[in-house]
Amino acid sequence: MGNCLPTLFGFVRQQDETPLRRNRSSEGAMSFTNPNMLQQGSSYVNQLYQHNVIRQRQAEERGKEIDEAKKNRIRGLLDQIPADVFRGDMASNECAICMIDFEPGERIRFLPCMHSFHQECVDEWLMKSFTCPSCLEPVDSTILSSLTAHNMQSLQQITSSVPSSSAK
Amino acid sequence: MAAQLPRRIIKETQRLLADPVPGISANPDESNARYFHVMIAGPDDSPFAGGCFKLELFLPEEYPMAAPKVRFMTKIYHPNIDKLGRICLDILKDKWSPALQIRTVLLSIQALLSAPNPEDPLATDVAEQWKTNEAEAIKTAKQWTLSYAQA
Numbered sequence: 001m002g003n004c005l006p007t008l009f010g011f012v013r014q015q016d017e018t019p020l021r022r023n024r025s026s027e028g029a030m031s032f033t034n035p036n037m038l039q040q041g042s043s044y045v046n047q048l049y050q051h052n053v054i055r056q057r058q059a060e061e062r063g064k065e066i067d068e069a070k071k072n073r074i075r076g077l078l079d080q081i082p083a084d085v086f087r088g089d090m091a092s093n094e095c096a097i098c099m100i101d102f103e104p105g106e107r108i109r110f111l112p113c114m115h116s117f118h119q120e121c122v123d124e125w126l127m128k129s130f131t132c133p134s135c136l137e138p139v140d141s142t143i144l145s146s147l148t149a150h151n152m153q154s155l156q157q158i159t160s161s162v163p164s165s166s167a168k
Numbered sequence: 001m002a003a004q005l006p007r008r009i010i011k012e013t014q015r016l017l018a019d020p021v022p023g024i025s026a027n028p029d030e031s032n033a034r035y036f037h038v039m040i041a042g043p044d045d046s047p048f049a050g051g052c053f054k055l056e057l058f059l060p061e062e063y064p065m066a067a068p069k070v071r072f073m074t075k076i077y078h079p080n081i082d083k084l085g086r087i088c089l090d091i092l093k094d095k096w097s098p099a100l101q102i103r104t105v106l107l108s109i110q111a112l113l114s115a116p117n118p119e120d121p122l123a124t125d126v127a128e129q130w131k132t133n134e135a136e137a138i139k140t141a142k143q144w145t146l147s148y149a150q151a
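Protein sequences appear in the order of chains A and B. At position 163 of the first sequence (counting the first as 1) the number is 163 in full-length UniProt numbering, and the numbers step up by one without a gap. At position 80 of the second sequence (counting the first as 1) the number is 80 in full-length UniProt numbering, and the numbers step up by one without a gap.
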């Protein structure tokens with residue numbers, strides 16, 4: 001149906017074309033095809049469009065900068081969370097994120113709540129949410145700063161000396 | 001085509017098939033291992049008892065860093081499930097954690113059927129009915145279970 005319309009219109013126009021109509025239509029055609037008008041119109045629209053694009057890009061870049069700043073801050077915090085290489089004498093465990101057993105030589109991260117994961121697995125999550133995947137406990141920055149004072153070895157000494165300290 | 005299936009998804013699928021949750025079945029689609037056909041039996045202590053509810057579960061590319069997408073395919077009268085089958089459940093949104101699994105998600109949905117929560121509604125009209133006239137709401141839920149959720 002729709003296809004018939006243009007031919008029909010063309011036919012009708014040709015049929016009742018009067019001098020007046022021809023004049024009008026040619027005027028109309030002039031105003032539409034006037035190269036100056038077109039350029040003016042389009043350059044204005046182009047300007048608007050370009051402004052818009054620039055504004056969007058700026059907003060995106062600002063967003064990226066904020067994201068990057070946040071990621072850097074988290075990376076800084078991640079450095080404070082103890083991580084160690086898994087050894088054969090450690091209790092065997094499955095990483096709750098990738099569901100694969102820890103293998104000797106793999107890097108394991110120990111969160112303050114004592115849950116441990118592959119460093120690679122948990123770091124990806126901590127960049128999104130600073131909570132333990134297993135217990136949803138926030139990875140508290142105050143606990144972190146107290147942990148920074150010790151390396152893993154002294155941490156182990158602390159955990160093994162807990163009974164004596166609680167006794168006094 | 002899609003990247004290789006992560007070992008976690010393979011492992012979860014194997015465990016789901018080998019050791020299924022009572023009242024729940026989840027089977028991966030033949031052509032897409034990230035898409036699961038799920039059936040949950042209405043819990044006995046709920047207005048959905050005797051019903052068999054069909055759901056679809058999809059593991060997005062970011063899984064397990066992002067929650068699975070789950071939707072009821074069977075019509076259900078529940079304040080936390082809307083007309084389109086979308087589910088209002090915190091662990092599917094802001095409370096997701098990568099230590100959760102398909103199994104735990106489906107268990108939570110099963111628990112949601114036992115304990116509708118009209119205070120945190122998704123289907124507002126259903127929640128309103130549930131709050132103002134619980135007996136009538138439960139009656140409707142039972143009727144819908146009989147009408148739409150028969151295997």
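Every residue, glycine too, gets a C-beta built ideally from N, C-alpha and C.
Residue pairing by DSSP puts His118(A) in a beta bridge opposite Ile108(A). According to the DSSP assignment, Ser147(B) belongs to the alpha helix (DSSP H) that extends over 134-148. Contact between Pro116(B) and Pro79(B) holds: CB atoms are separated by about 5 Å, below the 8 Å threshold. Met73(B) places its beta carbon 9 Å or farther from that of Ala151(B). Taking 9 Å as the threshold, the shortest C-beta distance from Leu111(A) to chain B does not fall below it.
9 Å or more divides the Cβ of Ile74(A) from the Cβ of Phe110(A). Residue state for Asp84(A) is assigned as strand, using DSSP reduced to three classes.
Of all residues in the stretch 40-51 of chain A, none places a beta-carbon less than 8 Å from a beta-carbon of chain B.
Only those residues of the stretch 73-99 of chain A whose C-beta falls short of 7 Å from the nearest C-beta of chain B are listed: Ala96, Ile97, Cys98, Met99. Taking the CA atoms as reference points, Lys128(A) sits about 27 Å from Arg55(A).
Sequence-distant partners of Ile138(B) (beyond 5 residues in either direction) whose C-beta falls short of 6 Å from its own C-beta, in its chain, are Pro47.
By the rule that beta-carbons nearer than 9 Å mark a contact, Pro133(A) touches chain B. Look at Thr74(B) here: in three-state DSSP terms it is coil, with no helix or strand label. Look at the beta carbons and you see the stretch 47-62 of chain B not touching the stretch 118-127 of chain B: under three pairs across the two are nearer than 8 Å.
Lys128(A): not part of any alpha helix (DSSP H); DSSP gives it neither H nor E.
For Gln4(B) and Val45(A), the gap between their C-alpha atoms comes out near 47 Å. Minimum Cα-Cα distance from Trp125(A) among the listed residues Gly63(A), Glu106(A), Pro104(A), Cys95(A) corresponds to Cys95(A). If you check the CB distance, Cys98(A) and Cys135(A) do not come in under 9 Å. With its beta carbon at least 9 Å from every one in chain B, Ser116(A) lies outside the interface.
Following the DSSP letters along the chain, one finds Glu56(B) inside the beta strand (DSSP E) bounded by residues 52-58.
At a cut-off of 9 Å between beta carbons, Ser97(B) contacts chain A. Setting aside the 5 residues that flank it on each side, Pro68(B) is surrounded in the same chain by Leu57, Phe58, Leu59, Ile102, Val105, each with a C-beta closer than 7 Å to its C-beta; the list follows chain order.
His118(A) sits buried, since 16 or more C-beta atoms from the chains shown fall within 10 Å of its C-beta. DSSP places Val38(B) in the uninterrupted beta strand (DSSP E) bounded by 35-41. Secondary structure at Glu103(A): coil, using DSSP grouped into helix, strand and coil.
For Tyr35(B), same chain residues with a beta-carbon under 6 Å away, outside a window of 5 residues either side, are Asp29, Phe58 in chain order.
At least one beta carbon of chain B lies nearer than 9 Å to the beta carbon of Glu124(A).
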